[in-house]
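Take a look at the structure below.
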Amino acid sequence: MTFQLLHSRYQVGGSLPPDATCYVERKADEDLYRALLGAEFCYVFNSRQMGKSSLRVRSMLRLREVGVQCCTIDMTAIGVQQVSAEQWYASIAASLVSSLGLKVQFGQWWRDHAHLTYVNRLELFLEKILLAQIPQNVVIFVDEIDSVLALKFPADDFFALIRSCYDQRSEKPRFNRLSFALLGVTTPAELISDKQRTPFNIGRAIELSGFRFSESAPLLAGLKRVVKNPEAVLKYILNWTGGQPFLTQKFCDIVVREVYEQTSPEDFEPVGISALTLEYLFQLRVIDNWEAQDRPEHLRTIRDRILGNPAQTGRLLELYQRILRSPDVEHDQNYPIFQRRHQGIEIDSSVDQIALLLSGLVEKSDGYLRVKNPVYQAVFDLNWIDRQFTKLRPYSEALNQWKRSSYQDESRLLRGQALIDAQKWSMGKQLSDEDYRFLTASQTAEEQSKLRDLEADRAQVIAARLASERRSTKLQRRLLALLSLVLVIAILLGLVAFSQYRGATRSSVSAIASNSELLYSLGYGMDAMIEAMRAHAKVEALQIQDPKTLAQVDRVLGQTVYTAAESNRFSGHAGGIRCVSFSPDGDSVATCSEDQTVKLWRTDGSQIATLKGHSGSVFATAFSPDGELIATGGADNSVRLWSHDGWSTARLEGHAGTIYSIAFSPDGRAIATGSGDSTIKLWARDGELIRTLRGHQQVVNAVAFSPDGKTIASGSADRTIKLWSLDGKLLRTLSGHDDAVQAVAFDLEGTELASSSLDDTIALWDTNGKLIRQIDAQSDGVTDLAWSPNGDTIASVGFDKGLKLWRRDGTLLRSLQGHQNTAWAVAFNPDGQLIVTGSADKTARLWRLSNDWMIRLEGHTSDVNQVAFSPKGQWIVSASKDRSIKLWSQGGNFARTFKSDRSWKFDAEFSPDGEIIASTGMNGRIQRWKLDGTPLKPLQAPSGSAIESLAYSPIQASLVTGGQDKQLRLWDAEGKLIRVWAAHDAPIQKVVFSPDGQWIASSSLDGAVRLWQASTGKLIAPLVGHRGEVRAIAISRSMIATGSLDRSIKLWKLDGTLLKTLEGHQDQVYSIAFNPDGTKFASASLDKTIKLWSDDGRLITTLSGHTDGVRSVAFSPDGELLASASRDRTVIVWNLNQVLKTNPTIAACRWLADYLATNSALEETDRSLCKGIN
1 MTFQLLHSRY QVGGSLPPDA TCYVERKADE DLYRALLGAE FCYVFNSRQM GKSSLRVRSM
61 LRLREVGVQC CTIDMTAIGV QQVSAEQWYA SIAASLVSSL GLKVQFGQWW RDHAHLTYVN
121 RLELFLEKIL LAQIPQNVVI FVDEIDSVLA LKFPADDFFA LIRSCYDQRS EKPRFNRLSF
181 ALLGVTTPAE LISDKQRTPF NIGRAIELSG FRFSESAPLL AGLKRVVKNP EAVLKYILNW
241 TGGQPFLTQK FCDIVVREVY EQTSPEDFEP VGISALTLEY LFQLRVIDNW EAQDRPEHLR
301 TIRDRILGNP AQTGRLLELY QRILRSPDVE HDQNYPIFQR RHQGIEIDSS VDQIALLLSG
361 LVEKSDGYLR VKNPVYQAVF DLNWIDRQFT KLRPYSEALN QWKRSSYQDE SRLLRGQALI
421 DAQKWSMGKQ LSDEDYRFLT ASQTAEEQSK LRDLEADRAQ VIAARLASER RSTKLQRRLL
481 ALLSLVLVIA ILLGLVAFSQ YRGATRSSVS AIASNSELLY SLGYGMDAMI EAMRAHAKVE
541 ALQIQDPKTL AQVDRVLGQT VYTAAESNRF SGHAGGIRCV SFSPDGDSVA TCSEDQTVKL
601 WRTDGSQIAT LKGHSGSVFA TAFSPDGELI ATGGADNSVR LWSHDGWSTA RLEGHAGTIY
661 SIAFSPDGRA IATGSGDSTI KLWARDGELI RTLRGHQQVV NAVAFSPDGK TIASGSADRT
721 IKLWSLDGKL LRTLSGHDDA VQAVAFDLEG TELASSSLDD TIALWDTNGK LIRQIDAQSD
781 GVTDLAWSPN GDTIASVGFD KGLKLWRRDG TLLRSLQGHQ NTAWAVAFNP DGQLIVTGSA
841 DKTARLWRLS NDWMIRLEGH TSDVNQVAFS PKGQWIVSAS KDRSIKLWSQ GGNFARTFKS
901 DRSWKFDAEF SPDGEIIAST GMNGRIQRWK LDGTPLKPLQ APSGSAIESL AYSPIQASLV
961 TGGQDKQLRL WDAEGKLIRV WAAHDAPIQK VVFSPDGQWI ASSSLDGAVR LWQASTGKLI
1021 APLVGHRGEV RAIAISRSMI ATGSLDRSIK LWKLDGTLLK TLEGHQDQVY SIAFNPDGTK
1081 FASASLDKTI KLWSDDGRLI TTLSGHTDGV RSVAFSPDGE LLASASRDRT VIVWNLNQVL
1141 KTNPTIAACR WLADYLATNS ALEETDRSLC KGIN
């Protein structure tokens, strides 16, 4: 059976053809068919991708079968932007002529009736041409009707015409044969904007609901071929999708794909799939990293509908937030395991509720507005709402802090200019109730403050009057008493104010630290470090001693130091930076800008010179190989040559368009330029034009010389790359990109050419023009790329603002964020340790590719569940939810991905001799490989249920496993099953051996931890005490450590006696590991941190570097390194010796030294952040 046969049963996106076997007939199919057959006017108004277009196609087929003439007017095809009213109405009529085969010289007819208004011409056309030539009933389907709302002229007359066709039926019988069906994302009330006119109040509304199981038999056919329980699988899919047509088709397609990919075609048989497996599958393929996986686009359409109207976004987000915060309803057994159902809010048919309904995110149910399905609830959760509010409001942090204080902390309210700015921002926007409450409270507090100032002024006036009347002794005594009373009150108020001041200062420090954490989570490491240093400076200045505040500041400062990458920032351009280049000696950087200048910088950020001479934006720059010349080119169609110290030496003219790229030949004797005039020109170093290369059909964006100087590569907006000889001969054309080519670069040896494109990819070609591989690079177009000097790494930047590093085999090595706008340019320095990037945010940024504290391993595309060191410490293995097992060197170099059975990987471990890696997954199979990737015979648990954990005995090569079937299994070195025993009453989460191999500890979902004798399987002791599931266990020679969902760590004697309970983590403890001598242990938590403890329970330090929950930790055999694996898809290898001897404050100041000293955009107060810190 081929995948094509299976997959063809489902169609994800687009209108289903009339004969589609996966088409699901709903009640709406019959309702619309019967109504149109009876010549009724109808409308189907609903959110996008609910199957409106497929319903139209199927209805037209059925109507035509009984003799009804049908045609479609697609409003998006006519256009809304560059179209006049006459063109629009004429296009509608012309569409009818074409669709119905009407016999009329339409252009002449339209001009002959130019004395009529456009709408009258269309009405006359319907009556005198269409209805006159067609004797049968006619149905005109008007699709994408909501697009007319974007017309630059009112479309009210068009909808009035449709109503008129209905009203004329009593006077002109032929109109009884004409019906309209309107389809789109709107409401009848929105169709006519002029509220003085009669509203659009005709026609029958056709309700279009999601798929019900009773209607969905066509979807079962495809599932029956691949799964043993198709009905149960379909029911679960419908529970996940709420019957939403697009998602339901997509989920069915995913199931078919996954089963096929995990099964050999030769011995294919349907498989059984559990609800938990489907849960993981949909989480991995749809919800995780949803923006990248949302193809065809669906979730982004909903997002854009919510966020598309800035004036209404705030109210829609608050309305949706209320739905998510509504009480839970009784859990449905068929509902996804990890989801809660919310009651929702009562329907009031307000404008906001209607807008939220049309987004598709919510639906009406039993008088309530509820989230339409668990997929939407998982993607658009409360955290997503908070992120949108943060982007939306200029005062988000202040509002959030005010809310956290139960609306009591007035220090969070806006004052002065901040309040004025916020009020200006709010004008014309429909804000949420919380926004209005906050702004009103701020206004009230501001007015009260002014009132207090007035009262103080008044008190001063009274005091002055009293002072002038001191002649009276009696009055003097009264004044003395009054002043004494005032003094007492002032002292009391001062004490209160001091207390409030201390609280306010603590809160302000906490707010700065929280902002640092937010910046860090968004990837802006250097900005987060600056904020952390501001918080530290305030702690020192105010001598704050509050432990919670100090811990927060230390944590945010530590995480920014240990993971630092951006080391400097060049500010000074008045426009976006379009190109960057390192000098051959690596000591200076050139940046070119839309501000018509080129700037030369030292790598410490100090400016050397500004090159002025271009009369338009500058798009290209290059250093000559000897460093003596700089070539620049730009929108003034010229190339300029400059000396290395900034003096203009020549101007090269000849291009008829903007210069977009410049390259020197390796020997420095020739210069190639690419231009908007579609040509490449080759110049001598002295400025003489050698020749012009013609062949591209559009703008030439990129040129590059091969290392031997014999070949020139060019990339163009015509989507091609061309290779030329120096004499101008076209050697070959490389085609493969789907959008403009932005950059080309040869590798060190000249054997491979890399190209980047606005189609979001990087392509690698050999010199014969063969495509080697294509890398899905940025999440938006790739604007530039560069090879590292050793040829091992490619750096790319793009519209998504990020910098990414790739191995030449396409493996993602690292992702870095920092820029606030499109990143246009990237370059390596000569030793490959620094990268400079230039951006539309007007800055160039310097990145260091290594630091002393950690190495980040990137390459997985989903949660990393497990990490382990080999027994000798030279290798690291990682297991991921992306179904892969990866091997890395201790230094962080990627070695290989092991070919696996494509099920989720929960665990991976090395054998005691370090020669074998074993992994567990969802399908109950234990896969094993040699280090070179050679697969060994897998071990199969008879139950076939998921195996969550495995552990090798450190003494022998025996292996213990545990998982969903609640049993422990012991296997010998050859893979023979030695023993099976029922161990727990709930699925087993973790198994470990003791260091001497005598004991096995296991834990389960119900919180039970049990200690077993390895040789017999006899229960030694239960460890009772945790209040939630236990996923973390570790055994040293003297104790056992466990971590739980209850956020605690418990230390036990080997006989099961509880020694100590440790608190500190803010979320579930997921993994624990002892160092080799047992004197320390590390704990990993979903609170994104790793904590290092002494064996007596003293906290040594907290490591913060991951941006999502940490799921696994492991020590190297020598105890000097600690590896951590996270849901952020990365593994971090920590150098514990460096971390433990580093003072984060001093380290941050050393890291920021150049930036603080030279950056021109820095506030002067920030330059002294490191004053007195050595």
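In this text, residue positions in the sequence shown follow our numbering: the first is 1, and each later residue adds one. From the three backbone atoms N, C-alpha and C, an ideal C-beta is built for every residue, glycine too.
If you reduce the DSSP assignment to three classes, tell me which class residue i lands in.
| i | result |
| --- | --- |
| Trp290 | helix |
| Met854 | strand |
| Phe338 | For Phe338, the predicted structure reports a pLDDT of 47, less than 50, and the residue's modelled location is therefore unreliable. The matter cannot be settled from this model. |
| Lys729 | coil |
| Ile577 | strand |
| Cys70 | strand |
| Thr1165 | helix |
| Lys872 | coil |
| Arg1047 | coil |
| Ala232 | helix |
Output needed for residue i: all residues of its chain with C-beta closer than 6 Å, excluding positions within five of it in sequence on either side, in chain order.
| i | result |
| --- | --- |
| Arg1031 | Gln989, Lys990, Tyr1070 |
| Gln1066 | Asp1087 |
| His737 | Arg719, Ser757, Asp759 |
| Thr822 | Phe799, Ala840 |
| Cys1170 | Cys1149 |
| Thr1178 | There is no way to answer for residue 1178, as the model of the chain reaches only from 1 to 1174. |
Quick check: what's the CA-CA separation for residue i versus residue j?
| i | j | result |
| --- | --- | --- |
| Leu689 | Gly798 | 33 Å |
| Thr793 | Thr1079 | 40 Å |
| Ile387 | Gly360 | It should be pointed out that residue 387 corresponds to Arg in this sequence rather than to Ile. In a straight line, the C-alpha of Arg387 is about 20 Å away from that of Gly360. |
| Asp288 | Leu281 | 10 Å |
| Pro17 | Glu25 | 13 Å |
| Asp1177 | Ala1157 | Residue 1177 lies beyond the residue range present for the chain, which begins at 1 and ends at 1174; the question has no answer from this structure. |
| His298 | Leu369 | 21 Å |
| Asp686 | Gln874 | 54 Å |
| Glu540 | Gly1119 | 34 Å |
| Arg34 | Ser59 | 10 Å |
| Ala564 | Tyr524 | 10 Å |
| Arg174 | Arg325 | 55 Å |
| Ile775 | Ala825 | 18 Å |
| Pro1076 | Thr920 | 25 Å |
| Ala590 | Ala1161 | 18 Å |
Using only CA atoms, which one of the options lies nearest to residue i?
| i | options | result |
| --- | --- | --- |
| Leu147 | Ala77, Ala114, Ala868 | Here residue 147 is Ser; the residue named in the question, Leu, does not match the sequence. Ranking Ala77, Ala114, Ala868 by Cα distance to Ser147 puts Ala77 first. |
| Gly728 | Gly676, Ile385, Asp739, Thr711 | Thr711 |
| Asp677 | Asp636, Asp667, Ala663, Leu641 | Asp636 |
| Gly1172 | Ser1124, Lys599, Ala1153 | Ala1153 |
| Thr390 | Ser411, Ala275, Gln293, Asn515 | Asn515 |
| Phe251 | Thr1089, Leu191, Glu915, Glu279 | Glu279 |
By Cβ distance below 7 Å, which residues in the same chain neighbour residue i in space, the five residues on each side in sequence not counted?
| i | result |
| --- | --- |
| Lys722 | Gly695, His696, Ser714, Leu730, Thr733 |
| Thr21 | Arg9, Pro218, Ala221 |
| Ala895 | Leu887, Trp888, Ser889 |
Give every residue of the same chain whose Cβ lies closer than 8 Å to the Cβ of residue i, excluding the five residues on either side of it in the sequence, and list them in chain order.
| i | result |
| --- | --- |
| Thr1130 | Arg856, Leu857, Glu858, His860, Val864, His1106 |
| Ile254 | Leu281, Phe282, Arg285, Val286 |
| Trp999 | Phe993, Leu1011, Trp1012, Gln1013, Ala1014, Ile1020, Ile1035, Leu1054 |
| Lys1018 | Trp1012 |
| Pro912 | Pro871, Tyr952, Ser953, Pro954, Ile955, Gln956, Ala957 |
Practice task
Indicate whether the contact test is met: 3 or more Cβ pairs, each with one atom in the region 542 to 554 and one in the region 846 to 853, closer than 8 Å.
Solution key: As far as the Cβ criterion goes, the region 542 to 554 does not touch the region 846 to 853, which means the pair count is below three.
Handout entry: Segment contact, 8 Å Cβ cut-off, at least three pairs: the region 617 to 628 with the region 652 to 665
Key = As far as the Cβ criterion goes, the region 617 to 628 touches the region 652 to 665, which means the pair count is three or higher.
Handout entry: Segment contact, 8 Å Cβ cut-off, at least three pairs: the region 378 to 385 with the region 308 to 325
Key = Enough Cβ pairs lie closer than 8 Å, so yes.
Problem - the region 116 to 130 in contact with the region 88 to 98 per 3-pair CB rule at 8 Å - result: By the Cβ test, the region 116 to 130 is in contact with the region 88 to 98, since at least three Cβ pairs between them sit closer than 8 Å.
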